[in-house]
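K.L.:
As they're listed, the protein sequences go chains S and H.
Read in order, the letters of the first sequence are residues 1 to 333 in the working numbering.
Read in order, the letters of the second sequence are residues 334 to 666 in the working numbering.
The beta carbon of each residue, even a glycine, is placed where N, CA and C say it ideally should be.
Can you read through this structure? Questions will come right after.
2 protein chains.
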Amino acid sequence: MTHHEIAIEKFGTAQCMTYRDRAVMPPGAGEVAIDVKYSGVNFADVQMRLGFYPDAPKKPFVPGYEVSGVVADVGAGVTSVKRGDSVVAGTYFGGYASRVTIPATQVFPLPKNATLESGAAMPVNYFTAQLALHDMARIRAGDKVLIECATGGVGTLAIQMARHTGAEVVGLTTSPHKKAFIEGLGAKAYTLDEFYADPALAGFDLIVNSSGGAHIQRQRKRLGLTGRMVCLGMSSGVKDGRRNFARIAVAALRTPRISVLKLFDANTGIYALNALHVLRDPVWMERMTRSLVAIDKLDLRPHVGKVFAAKDAGDAHAFLETKQATGKVLLAW
Amino acid sequence: MTHHEIAIEKFGTAQCMTYRDRAVMPPGAGEVAIDVKYSGVNFADVQMRLGFYPDAPKKPFVPGYEVSGVVADVGAGVTSVKRGDSVVAGTYFGGYASRVTIPATQVFPLPKNATLESGAAMPVNYFTAQLALHDMARIRAGDKVLIECATGGVGTLAIQMARHTGAEVVGLTTSPHKKAFIEGLGAKAYTLDEFYADPALAGFDLIVNSSGGAHIQRQRKRLGLTGRMVCLGMSSGVKDGRRNFARIAVAALRTPRISVLKLFDANTGIYALNALHVLRDPVWMERMTRSLVAIDKLDLRPHVGKVFAAKDAGDAHAFLETKQATGKVLLAW
């Protein structure tokens with residue numbers, strides 16, 4: 001018996017990934033084998049296919065950080081799920097496969113409100129929002145929170161989670177027509193231009209910055225005393241539907257070095273989060289998996305953008321790469 | 334009727350401050366007049382006497398951030414305290430005086446367990462520990478916390494406050510014989526050398542750094558994923574009982590600029606706190622004053638090092654300046 005997987009055997013274009021078969025192995029003690037229905041596609045997968053993602057394993061390897069599916073088999077000692085259960089799981093690589101076999105601590109029963117499709121769209125974005133808001137910033141009721149990229153996969157969850165905590169949330173977008181969507185999530189909405197033009201939008205206890213580069217210093221001025229910024233990435237390296245290496249280089253060069261001496265004048269703090277990096281640690285992976293309980297508790301809804309057949313994974317990458325996606329991109333097995 | 338105060342009219346040596354008399358003015362609406370019994374002396378006072386404290390008011394001015402005493406009179410609308418009450422208060426300058434008249438929001442009833450002497454020793458150290466642990470780091474039960482300067486005025490309070498929150502605390506000292514004192518406060522104790530020699534002392538959720546300079550980067554390596562450092566100052570600029578300008582310059586030069594790009598690899602955060610700067614904000618001053626309720630709740634005990642007669646304020650400065658003090662230095666009126 002075999003299963004299918006999509007491997008990166010050499011770096012290159014979207015169409016250079018390999019669709020291959022592998023023998024199915026029984027799960028070991030403490031492991032769960034999942035018949036995967038959907039695999040989540042992340043921008044980091046594109047980066048590692050292009051060969052410039054430092055944390056990627058040696059070639060050949062199977063990318064993929066998140067799946068949903070049905071439990072096919074469990075190894076000795078596993079009691080948290082059983083054969084036939086619908087589940088979601090975080091995978092530290094290996095998610096682009098019709099069968100994954102992983103520690104039970106990474107497997108979570110499919111939330112009641114989720115479908116297999118929406119379930120696969122959840123882990124990475126949810127883990128990122130959870131780590132940023134609750135593990136780093138330690139958000140509290142009454143906080144004034146600014147979410148820079150309020151319409152993205154992480155941002156939409158972050159607004160919902162911050163509102164559930166009792167925070168007052170401002171969400172930014174570059175597109176005026178998306179303001180109504182942000183307001184529908186319970187936040188006040190401004191365009192980035194409106195925000196920068198209005199110095200009264202200040203005194204934030206938490207700013208979640210996504211675009212990096214020069215935006216970090218511009219936005220830090222809007223923190224209140226004892227406030228904190230969490231940086232999630234450098235989306236300012238992406239624009240006009242295309243990733244552009246020159247743009248990424250410029251964004252990296254503009255990403256500031258923060259003088260600790262000047263930090264004393266500001267009385268604020270700054271964090272940077274690479275959620276996928278945190279998930280390398282099995283203790284954190286297990287902790288994050290357990291925290292998925294919040295999906296039902298807070299009735300969180302992810303936004304699935306487009307589903308591709310798994311064998312068309314190259315098309316899925318091309319779609320993500322040119323930034324056509326407005327929600328999560330999935331592979332269906 | 335007059336009261337006495339100690340003013341900085343020109344910058345210079347410890348003995349150059351001026352002891353002078355001023356007419357007593359009645360408190361305005363919302364104000365409280367306090368007959369001061371003790372004024373706290375802080376290292377920042379020494380720095381501003383020497384003329385290199387950027388936040389100091391224009392000369393001539395009266396330094397001093399904290400007092401204890403008895404309410405002499407209250408202005409219209411004040412109901413929180415009444416004439417004859419023993420109180421402690423934070424003052425944003427002006428504390429070196431036998432009478433201070435300040436907003437009622439800065440005045441707190443003397444905690445039950447405090448004397449007027451210990452009360453005056455509390456505000457600045459307590460506010461600093463409170464801002465660092467609760468307002469910036471947002472310490473939680475179960476946190477692994479490292480307090481670098483565990484025997485200082487802030488550090489001893491920080492250990493007690495962190496333990497009350499349910500954190501596991503490690504305290505450092507440069508003096509092996511002070512380890513028993515730290516352990517008596519409920520922390521594990523190591524010398525700085527022992528700490529640096531043992532890489533297993535790592536995975537901290539919070540590090541409170543006091544010495545600044547190169548210690549910041551050495552200690553940041555000991556943070557766990559999503560952990561945070563709060564920097565309180567640059568005590569590494571002081572050594573061998575003397576402040577030394579060359580040393581301070583070296584400490585400043587060694588104080589790092591933190592690359593946000595590298596912060597993504599670390600998955601941690603960094604804050605810097607200038608508590609006196611935060612207290613310039615009346616909202617924060619009031620919030621901190623209200624939080625003094627914790628002194629009784631947690632039964633916090635400050636360490637009074639030495640009390641000088643107010644007219645000998647120059648001697649008090651000289652004592653602090655040569656780092657002979659091991660606890661709070663007070664002026665008695």
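Let's test the definition: count the other Cβ atoms within 10 Å of the Cβ of LYS445 (chain H) and tell me whether it reaches 16, buried, or not, exposed.
P.N.:
The residue labelled residue 445 (chain H) in the question sits at position 112 within the second sequence. LYS445 (chain H) comes out exposed.
K.L.:
What residue from H:GLU481, H:THR461, H:SER401 has the CA that sits closest to TRP617 (chain H)'s CA?
P.N.:
Start at 1 with the first residue of the second sequence, and residue 617 (chain H) comes out as number 284. Here the closest residue by C-alpha is H:THR461.
K.L.:
Would you mind telling me which residues of chain H sit closer than 9 Å to GLY12 (chain S), beta carbon to beta carbon, in chain order?
P.N.:
Position 12 of the first sequence, counting from 1, holds the residue named residue 12 (chain S). Chain H residues near GLY12 (chain S): none, gap ~26 Å exceeds 9 Å.
K.L.:
Figure out for me which residue from S:PHE93, S:ARG287, S:LYS82 has the closest Cα to the Cα of ILE58 (chain S).
P.N.:
If you number the first sequence from 1, residue 58 (chain S) lands on position 58. The sequence as given places Lys at residue 58 (chain S); Ile does not occur at that position. The shortest C-alpha separation from LYS58 (chain S) is found at S:PHE93.
K.L.:
Using 8 Å for Cβ pairs, my map puts PHE537 (chain H) next to LYS477 (chain H). What's the rounded Cβ distance?
P.N.:
Within the second sequence, the letter at position 204 stands for residue 537 (chain H). Within the second sequence, the letter at position 144 stands for residue 477 (chain H). Correct: roughly 5 Å between the Cβ atoms.
K.L.:
Count the other CB atoms, across all protein chains shown, that sit within 10 Å of the CB of ALA513 (chain H); report buried if there are 16 or more and exposed otherwise.
P.N.:
Counting from one through the second sequence, the residue named residue 513 (chain H) turns up at place 180. The residue in question, ALA513 (chain H), is exposed, as its Cβ has fewer than 16 Cβ neighbours within 10 Å.
K.L.:
Taking buried to mean at least 16 other C-beta atoms within 10 Å of its own C-beta, is ALA316 (chain S) buried or exposed?
P.N.:
Counting from 1 along the first sequence, the entry for residue 316 (chain S) is found at position 316. Buried.
K.L.:
Return the residues of the segment 593 to 611 of chain H that lie within a Cβ-Cβ distance of less than 9 Å from chain S, sorted by chain order.
P.N.:
Result list: VAL593, LEU594, LYS595, LEU596, PHE597, ASP598, ALA599, ASN600, THR601, GLY602, ILE603, TYR604, ALA605, LEU606, ASN607, ALA608, HIS610, VAL611.
K.L.:
Taking CB distances under 8 Å as the criterion, tell me whether SER143 (chain S) reaches chain H.
P.N.:
By one-based count along the first sequence, residue 143 (chain S) stands at place 143. It is Asp, not Ser, that sits at residue 143 (chain S) in the sequence shown. So, not an interface residue.
K.L.:
Using Cβ-Cβ distances below 8 Å, what residues of the segment 547 to 561 of chain H are close to chain S?
P.N.:
Residues passing the 8 Å Cβ filter: ILE549, LEU558, THR559, ARG561.
K.L.:
Taking C-beta to C-beta, are THR507 (chain H) and LEU490 (chain H) nearer than 8 Å?
P.N.:
As a first step, residue 507 (chain H) must be located in the second sequence, where it is residue number 174. As a first step, residue 490 (chain H) must be located in the second sequence, where it is residue number 157. No. Outside cutoff.
K.L.:
Would you decide whether MET455 (chain H) is buried or exposed? Buried here means 16 or more other CB atoms lie within 10 Å of its CB.
P.N.:
As a first step, residue 455 (chain H) must be located in the second sequence, where it is residue number 122. Looking at its Cβ environment, which holds 16 or more other Cβ atoms inside 10 Å, MET455 (chain H) is buried.
K.L.:
Nearest to LEU596 (chain H) by alpha carbon, out of H:CYS349, H:VAL407, H:GLY560, H:GLY519?
P.N.:
Counting from 1 along the second sequence, the entry for residue 596 (chain H) is found at position 263. Checking every option, the nearest Cα to that of LEU596 (chain H) belongs to H:GLY560.
K.L.:
Strictly below 9 Å CB to CB, what residues from chain H border CYS16 (chain S)?
P.N.:
By one-based count along the first sequence, residue 16 (chain S) stands at place 16. Correct list: empty, because the minimum Cβ distance to chain H is about 28 Å.
K.L.:
Pick from S:LEU279, S:ALA332, S:MET288: whose alpha carbon is nearest that of LYS306 (chain S)?
P.N.:
Residue 306 (chain S) sits at position 306 when you count from the first residue of the first sequence. Checked all of S:LEU279, S:ALA332, S:MET288; the closest Cα to LYS306 (chain S) is S:ALA332.
K.L.:
Given that ALA337 (chain S) touches chain H, what residues does it touch there, using C-beta distances under 7 Å?
P.N.:
Since the first residue of chain S shown is 1 and the last is 333, residue 337 (chain S) is not available in this structure.
K.L.:
TYR523 (chain H) lies in the beta strand (DSSP E); which residues open and close that run?
P.N.:
The residue labelled residue 523 (chain H) in the question sits at position 190 within the second sequence. Unbroken beta strand (DSSP E) run through TYR523 (chain H): 521 to 524.
K.L.:
How many angstroms separate the CA atom of ARG290 (chain S) from the CA atom of PHE108 (chain S)?
P.N.:
Counted from its first residue, the first sequence places residue 290 (chain S) at position 290. Counted from its first residue, the first sequence places residue 108 (chain S) at position 108. Cα to Cα, ARG290 (chain S) sits roughly 7 Å from PHE108 (chain S).
K.L.:
Note down, in chain order, all residues in the segment 146 to 166 of chain S with a beta-carbon under 7 Å from any beta-carbon belonging to chain H.
P.N.:
Under the 7 Å Cβ criterion, the segment 146 to 166 of chain S contributes no residue.
K.L.:
Taking any Cβ of chain H, which residues in the segment 305 to 326 of chain S have a Cβ under 8 Å from it, in chain order?
P.N.:
Taking 8 Å as the Cβ-Cβ cut-off against chain H, none of the residues of the segment 305 to 326 of chain S qualify.
K.L.:
What number of angstroms, rounded off, separates the C-alpha of ARG242 (chain S) from the C-alpha of ALA249 (chain S)?
P.N.:
Within the first sequence, residue 242 (chain S) is the residue found at index 242, counting from 1. Within the first sequence, residue 249 (chain S) is the residue found at index 249, counting from 1. For ARG242 (chain S), the pLDDT reaches just 46, beneath the cut-off of 50, and the residue's location in the model is therefore unreliable, although a value from the coordinates is still provided. Their Cα atoms are separated by approximately 14 Å.
K.L.:
For GLY363 (chain H), tell me which candidate among H:GLN439, H:SER544, H:ASP598 has the shortest Cα-Cα distance.
P.N.:
Numbered from its first residue, the second sequence carries residue 363 (chain H) at position 30. Nearest of H:GLN439, H:SER544, H:ASP598 to GLY363 (chain H), Cα basis: H:GLN439.
K.L.:
Measure from the C-beta of TRP666 (chain H) to each C-beta in chain S and report whether the shortest distance is under 8 Å.
P.N.:
One-based indexing of the second sequence puts residue 666 (chain H) at position 333. It does not; no Cβ of chain S falls within 8 Å.
K.L.:
Using only the alpha-carbon positions, how far apart do LYS370 (chain H) and HIS337 (chain H) sit?
P.N.:
Start at 1 with the first residue of the second sequence, and residue 370 (chain H) comes out as number 37. Start at 1 with the first residue of the second sequence, and residue 337 (chain H) comes out as number 4. Distance between the alpha carbons of LYS370 (chain H) and HIS337 (chain H) is about 12 Å.
K.L.:
What's the C-alpha gap between TYR19 (chain S) and GLY314 (chain S)?
P.N.:
Within the first sequence, residue 19 (chain S) is the residue found at index 19, counting from 1. Within the first sequence, residue 314 (chain S) is the residue found at index 314, counting from 1. If you take the alpha carbons of TYR19 (chain S) and GLY314 (chain S), they lie about 10 Å apart.
K.L.:
So within the segment 150 to 231 of chain S, which uninterrupted alpha helix (DSSP H) runs reach at least 4 residues, ignoring any that extend past its ends?
P.N.:
With a minimum length of 4 residues, the continuous alpha helix (DSSP H) runs that stay inside the segment 150 to 231 of chain S are 153 to 165, 179 to 184, 192 to 197, 215 to 220.
K.L.:
Could you check whether the Cβ of ILE258 (chain S) sits closer than 8 Å to any Cβ belonging to chain A?
P.N.:
Among the protein chains in the structure shown, which are S and H, there is no chain A.
K.L.:
From this set, S:LYS10, S:VAL74, S:VAL88, which residue's C-alpha is nearest PHE61 (chain S)'s C-alpha?
P.N.:
By one-based count along the first sequence, residue 61 (chain S) stands at place 61. Here the closest residue by C-alpha is S:LYS10.
K.L.:
Write down every uninterrupted run of the beta strand (DSSP E) in the segment 258 to 304 of chain S whose length is 3 residues or greater and which is fully enclosed by it, in chain order.
P.N.:
Runs of the beta strand (DSSP E) inside the segment 258 to 304 of chain S: 269 to 272.
K.L.:
Output the residue ranges of the beta strand (DSSP E) runs that lie fully inside the segment 51 to 130 of chain S and measure 3 residues or longer, sorted by chain position.
P.N.:
Entirely contained in the segment 51 to 130 of chain S, the beta strand (DSSP E) runs reaching 3 residues are, in chain order, 66 to 74, 86 to 90, 99 to 103, 107 to 109.
K.L.:
If we cut at 8 Å on Cβ distances, does THR588 (chain H) have a partner in chain S?
P.N.:
Mapped onto the second sequence, residue 588 (chain H) falls at position 255. By this cut-off, THR588 (chain H) is an interface position.
K.L.:
Nearest to LEU558 (chain H) by CA position, among S:LEU276, S:VAL260, S:GLY84, is which residue?
P.N.:
Here the question's residue 558 (chain H) lines up with position 225 in the second sequence. LEU558 (chain H) has its Cα closest to that of S:LEU276, out of S:LEU276, S:VAL260, S:GLY84.
K.L.:
Any idea if HIS215 (chain S) is buried or exposed, counting beta-carbon neighbours within 10 angstroms, 16 or more meaning buried?
P.N.:
For the purposes of this step, residue 215 (chain S) is taken as the residue at position 215 of the first sequence. Classification of HIS215 (chain S): buried, given that the 10 Å Cβ count is 16 or more.
K.L.:
Do the CB positions of MET562 (chain H) and ARG551 (chain H) come within less than 8 Å of each other?
P.N.:
Start at 1 with the first residue of the second sequence, and residue 562 (chain H) comes out as number 229. Start at 1 with the first residue of the second sequence, and residue 551 (chain H) comes out as number 218. In this structure, ARG551 (chain H) does not lie closer than 8 Å to MET562 (chain H) by Cβ.
K.L.:
List the residues of chain H whose Cβ lies closer than 8 Å to the Cβ of MET285 (chain S), in chain order.
P.N.:
Your numbering for residue 285 (chain S) matches position 285 in the first sequence. Within 8 Å Cβ-Cβ: nothing; MET285 (chain S) doesn't reach chain H, min ~11 Å.
K.L.:
Out of curiosity, what's the CA-to-CA distance linking LYS239 (chain S) and ILE34 (chain S)?
P.N.:
For the purposes of this step, residue 239 (chain S) is identified with residue 239 of the first sequence, where counting begins at 1. For the purposes of this step, residue 34 (chain S) is identified with residue 34 of the first sequence, where counting begins at 1. Because the pLDDT of LYS239 (chain S) is 46, which lies under 50, any placement of that residue in the model is unreliable, and the number read from its coordinates should be weighed accordingly. Straight-line Cα distance between these residues: approximately 37 Å.
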